[in-house]
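This report concerns only the one structure given below.
There are 2 protein chains.
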Amino acid sequence: MLTIALDAMGGDHAPQAEVEGAVLAARQLGVGVILVGQKEQVLQELRQHEDYQDLPIEIVHASERVTMEDSTQAVRTKADSSLKVATRIVRDGRAAGMVSAGNTGAVMATAKIVQGVIPGVTRPALAGIFPTVKQGHPVVVVDVGANVDCSPRMLAQFAVMGEIYSRVVLRRPKPRVGVLSIGEEEHKGNELTRSVWPLLKTLNLDFIGNVEGRDIYGGEVDVVVCDGFIGNVALKVSEGLVDLTKHLLRESLQASLTGKIGALLARRAFAGFKKRVDYSEYGGAPLLGVRGVCIVGHGRSNAKAIKNAIRIAKEFSEGHVNQRIEDELRLAAFEKIAVKVE
Amino acid sequence: MLTIALDAMGGDHAPQAEVEGAVLAARQLGVGVILVGQKEQVLQELRQHEDYQDLPIEIVHASERVTMEDSTQAVRTKADSSLKVATRIVRDGRAAGMVSAGNTGAVMATAKIVQGVIPGVTRPALAGIFPTVKQGHPVVVVDVGANVDCSPRMLAQFAVMGEIYSRVVLRRPKPRVGVLSIGEEEHKGNELTRSVWPLLKTLNLDFIGNVEGRDIYGGEVDVVVCDGFIGNVALKVSEGLVDLTKHLLRESLQASLTGKIGALLARRAFAGFKKRVDYSEYGGAPLLGVRGVCIVGHGRSNAKAIKNAIRIAKEFSEGHVNQRIEDELRLAAFEKIAVKVE
Chain A
1452 MLTIALDAMG
1462 GDHAPQAEVE
1472 GAVLAARQLG
1482 VGVILVGQKE
1492 QVLQELRQHE
1502 DYQDLPIEIV
1512 HASERVTMED
1522 STQAVRTKAD
1532 SSLKVATRIV
1542 RDGRAAGMVS
1552 AGNTGAVMAT
1562 AKIVQGVIPG
1572 VTRPALAGIF
1582 PTVKQGHPVV
1592 VVDVGANVDC
1602 SPRMLAQFAV
1612 MGEIYSRVVL
1622 RRPKPRVGVL
1632 SIGEEEHKGN
1642 ELTRSVWPLL
1652 KTLNLDFIGN
1662 VEGRDIYGGE
1672 VDVVVCDGFI
1682 GNVALKVSEG
1692 LVDLTKHLLR
1702 ESLQASLTGK
1712 IGALLARRAF
1722 AGFKKRVDYS
1732 EYGGAPLLGV
1742 RGVCIVGHGR
1752 SNAKAIKNAI
1762 RIAKEFSEGH
1772 VNQRIEDELR
1782 LAAFEKIAVK
1792 VE
Chain B
1452 MLTIALDAMG
1462 GDHAPQAEVE
1472 GAVLAARQLG
1482 VGVILVGQKE
1492 QVLQELRQHE
1502 DYQDLPIEIV
1512 HASERVTMED
1522 STQAVRTKAD
1532 SSLKVATRIV
1542 RDGRAAGMVS
1552 AGNTGAVMAT
1562 AKIVQGVIPG
1572 VTRPALAGIF
1582 PTVKQGHPVV
1592 VVDVGANVDC
1602 SPRMLAQFAV
1612 MGEIYSRVVL
1622 RRPKPRVGVL
1632 SIGEEEHKGN
1642 ELTRSVWPLL
1652 KTLNLDFIGN
1662 VEGRDIYGGE
1672 VDVVVCDGFI
1682 GNVALKVSEG
1692 LVDLTKHLLR
1702 ESLQASLTGK
1712 IGALLARRAF
1722 AGFKKRVDYS
1732 EYGGAPLLGV
1742 RGVCIVGHGR
1752 SNAKAIKNAI
1762 RIAKEFSEGH
1772 VNQRIEDELR
1782 LAAFEKIAVK
1792 VE
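Chains as they are written, first to last, in our numbering: chain A, 1452 to 1793; chain B, 1452 to 1793.
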């Protein structure tokens, strides 16, 4: 049975959400889970679930905990944090991958250092999964925050990794790949977006050129590559706007009696809407390019989001995403292509 | 009476939307409008409005038209375009400002060249106006697409210009100014965001440090500065997500009978919601830093959006925004501050 290590102390609702998510995953997905964290606390949560002793769940103790306030530097000193222990379990081959809803910067740094990087990858990149107007056609945006400064070669690697992820885990048959820019033509954009075109044209993938911010949600592109600064802004702007939308809708609907009755009748429709824009459906953001698997959950993750992150880790591992990335990058041989940087 | 020149051939619905917008503005705002475009076409539209001969509206003929497909280069050859003629009218002092819902790149380039730049401004910047969770507290984001590459000094100028716009036109008493980045601490972000801090700290404005993408909609910051690449991505991502939201809501509500009835009852609430997220309420994006006034409308502008753009041009002019920018930049004297660029 495939086993995933879960940082039980990571998210805002840890360990309650983590333990419940692990129980759901073990029950529904046929996957083993190693809960890593303060043993007593985790066990106490686990006891809330009657069937816990029949499930393939194990606890590994870790005495420390990385907080959302810890700097990436400070993380190095916490040698026995639940995060670090979880990544060591993956490095040692006792789990196929790990999931954490903790401090994103700390999770990325720890996974990179402890689990290591796939041959051919310059730097791992965080992939954000966004909904689109086409139901069941989410889009992958790489990088959404791991690397502020990126070279054209790194962006080309993001394209290769994102394309494989889209194909294998999101089951898009022939993913279309675009560069996030501010105009469609090749000459539009900045130095980085212009420099990456020659590299992407040589790759064995469906490169469709530049796409603009609004195309992310249009369903016509499956993989969008950009540096981690831009990608992070796009991700956070989207989160802010979803919050604003929910707030305005609630406010508008509660302002009148007919609005309130309407909202009541349309309850299911709103649930459907929220489901489509809710990050918890996607479980988390895969950190592409590290050995083993690392899925970064949202800090606000509930049990369902944790379960879905574990599901993604499982599909990632079963689909041999890393082996495919290594093979594709060897074939791509970027170092043989001259990159003109103006 | 204050007069605004309007590019009557600019937007997707020109000249119909432009002419109707001009009529509304002339009727409701006590402002004169010079409609610039194909005289016959414009007059024909104008005749649809019974009272047009009593309104302070004038037509100036221009034989050419810049299309959305024209490159910024091609614009230079169209010497008699409605856009170019409108900017010349401002340059010659026959109108206080101009409005165009045409090709954004062409409008910005033409206004910059023909109208000229305010002393102390390195490059004009496009300011996007976004709604926030706080009703009546829109936020100004500068730059949303005029300048792909920006220096720290340019960003500091954007802060000064955006702060004055927020104070004078949006009537925020003490605007809070932030730098768009990917973490709150000073050291987070990229080279540009780090380099602009020392400049912003010296300015006579309420600098609150870095803000993240999600803060744009939070109502806790009034002016957000960033380079035009990032700002344009933020703008377009937001537009894409608003479209997605409308699509998903419609789809969800129409999927069931109770959803349909709910939507019917909540019709007013939805109208209120759409009004809050609709760009047409804000009329357009001011190009800050050019002499005279230039308001860039959305290509999709309807008559109401045009009217609101004219209203903004009027308030911009009456508030002496440009004189204030010139004075503030003289006081700021950025050239005396050493900028450490790593």
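All residues carry an ideal CB built from backbone N, CA and C; glycine is no exception.
Return the first residue and the last residue of the alpha helix (DSSP H) that residue i is part of.
{"i": "V1565 of chain B", "result": "No alpha helix (DSSP H) contains V1565 of chain B, which DSSP labels as neither H nor E."}
{"i": "D1778 of chain B", "result": "V1772 to A1783"}
{"i": "I1508 of chain B", "result": "From DSSP, I1508 of chain B is part of no alpha helix (DSSP H) but of the beta strand (DSSP E) over I1508 to H1512."}
{"i": "L1651 of chain A", "result": "E1642 to T1653"}
{"i": "D1657 of chain B", "result": "First-last for D1657 of chain B: D1657 to V1662, but that is the beta strand (DSSP E), not the alpha helix (DSSP H)."}
{"i": "L1475 of chain B", "result": "Q1467 to Q1479"}
{"i": "I1757 of chain A", "result": "A1754 to E1769"}
{"i": "V1541 of chain A", "result": "S1533 to R1542"}
{"i": "P1570 of chain A", "result": "Careful: P1570 of chain A lies outside any alpha helix (DSSP H) and carries neither H nor E."}
Report, in whole angstroms, the separation of the C-beta atoms of residue i and residue j, which I expect to be a contact under 8 Å.
{"i": "A1576 of chain A", "j": "N1554 of chain A", "result": "Not confirmed; about 18 Å, so no contact."}
{"i": "T1538 of chain A", "j": "G1670 of chain A", "result": "No, T1538 of chain A and G1670 of chain A are not in contact; Cβ-Cβ is about 35 Å, not under 8 Å."}
{"i": "A1578 of chain A", "j": "A1736 of chain A", "result": "6 Å"}
{"i": "I1633 of chain B", "j": "G1596 of chain A", "result": "6 Å"}
{"i": "V1684 of chain B", "j": "A1685 of chain A", "result": "6 Å"}
Taking the alpha carbon of residue i as the point to measure from, which residue in the options has its own alpha carbon closest?
{"i": "L1780 of chain A", "options": "A:L1506, A:N1655 and A:V1558", "result": "A:N1655"}
{"i": "G1567 of chain B", "options": "B:A1783, B:I1667, B:L1651 and B:G1740", "result": "B:G1740"}
{"i": "K1490 of chain B", "options": "B:A1513, B:M1549 and B:G1544", "result": "B:A1513"}
{"i": "R1742 of chain A", "options": "A:A1754, A:Q1774, A:A1736 and A:I1757", "result": "A:Q1774"}
{"i": "S1602 of chain B", "options": "B:T1573, B:G1481 and B:I1580", "result": "B:T1573"}
{"i": "V1487 of chain A", "options": "A:E1635, A:E1637, A:P1507 and A:D1458", "result": "A:D1458"}
{"i": "G1734 of chain A", "options": "A:L1534, A:S1752 and A:T1561", "result": "A:S1752"}
{"i": "L1699 of chain A", "options": "B:I1761, B:F1609, B:G1481 and B:K1585", "result": "B:K1585"}
{"i": "L1621 of chain A", "options": "A:G1587, A:L1651, A:D1678 and A:I1455", "result": "A:G1587"}
{"i": "A1557 of chain B", "options": "B:C1745, B:I1776 and B:N1759", "result": "B:C1745"}
{"i": "H1771 of chain A", "options": "A:M1612, A:L1686, A:L1650 and A:G1660", "result": "A:M1612"}
{"i": "E1642 of chain A", "options": "B:G1660, B:F1680, B:L1631 and B:N1661", "result": "B:F1680"}
{"i": "N1759 of chain A", "options": "A:L1453, A:Q1479, A:M1460 and A:G1461", "result": "A:Q1479"}
{"i": "L1475 of chain A", "options": "A:L1506, A:L1494 and A:I1659", "result": "A:L1506"}
{"i": "A1754 of chain B", "options": "B:D1463, B:A1722 and B:L1453", "result": "B:D1463"}
{"i": "V1511 of chain A", "options": "A:K1563, A:T1561 and A:A1456", "result": "A:A1456"}
{"i": "I1485 of chain B", "options": "B:Q1499, B:E1515 and B:L1534", "result": "B:L1534"}
Use the C-beta contact count for residue i: other C-beta atoms within 10 angstroms, 16 or more gives buried, fewer gives exposed.
{"i": "K1765 of chain B", "result": "buried"}
{"i": "T1528 of chain A", "result": "exposed"}
{"i": "D1502 of chain A", "result": "exposed"}
{"i": "T1653 of chain A", "result": "exposed"}
{"i": "E1793 of chain B", "result": "Reliability of the predicted coordinates at E1793 of chain B is poor, the pLDDT of 40 falling under 50, and no value is obtained from them."}
{"i": "G1614 of chain B", "result": "Residue identity differs from the one stated: residue 1614 of chain B is Glu in this sequence, not Gly. Buried: at least 16 other Cβ atoms inside 10 Å."}
{"i": "S1551 of chain B", "result": "buried"}
{"i": "D1594 of chain B", "result": "buried"}
{"i": "Q1504 of chain B", "result": "exposed"}
{"i": "M1605 of chain A", "result": "buried"}
{"i": "E1471 of chain A", "result": "buried"}
{"i": "L1782 of chain A", "result": "exposed"}
{"i": "P1466 of chain B", "result": "buried"}
{"i": "P1589 of chain B", "result": "buried"}
{"i": "Q1608 of chain B", "result": "buried"}
{"i": "D1678 of chain B", "result": "buried"}
{"i": "R1618 of chain B", "result": "buried"}
{"i": "E1636 of chain B", "result": "exposed"}
{"i": "R1762 of chain A", "result": "buried"}
{"i": "E1469 of chain B", "result": "buried"}
Give the range of the beta strand (DSSP E) segment to which residue i is assigned.
{"i": "T1454 of chain A", "result": "T1454 to D1458"}
{"i": "L1486 of chain A", "result": "G1483 to G1488"}
{"i": "I1580 of chain A", "result": "A1576 to F1581"}
{"i": "P1589 of chain A", "result": "Here P1589 of chain A belongs to no beta strand (DSSP E), and DSSP marks it neither H nor E."}
{"i": "S1551 of chain B", "result": "G1548 to S1551"}
{"i": "V1676 of chain B", "result": "V1674 to V1676"}
{"i": "V1744 of chain B", "result": "Element bounds for V1744 of chain B: n/a, residue is neither H nor E."}
{"i": "L1738 of chain A", "result": "A1736 to L1739"}
{"i": "L1631 of chain A", "result": "R1627 to L1631"}
Touch check for the stretch 1713-1722 of chain B and the stretch 1707-1715 of chain A: three-plus C-beta pairs under 8 Å?
yes
For the structure I just gave you, are there three or more beta carbon pairs, one from the stretch 1682-1692 of chain A and one from the stretch 1662-1675 of chain B, closer than 8 Å?
yes
I'd like to know if the stretch 1541-1548 of chain A and the stretch 1513-1524 of chain A are in contact, where contact means that at least 3 CB-CB pairs between them fall below 8 Å.
no
Any chance the stretch 1620-1636 of chain A sits against the stretch 1645-1652 of chain B, with 3 or more Cβ pairs inside 8 Å?
no
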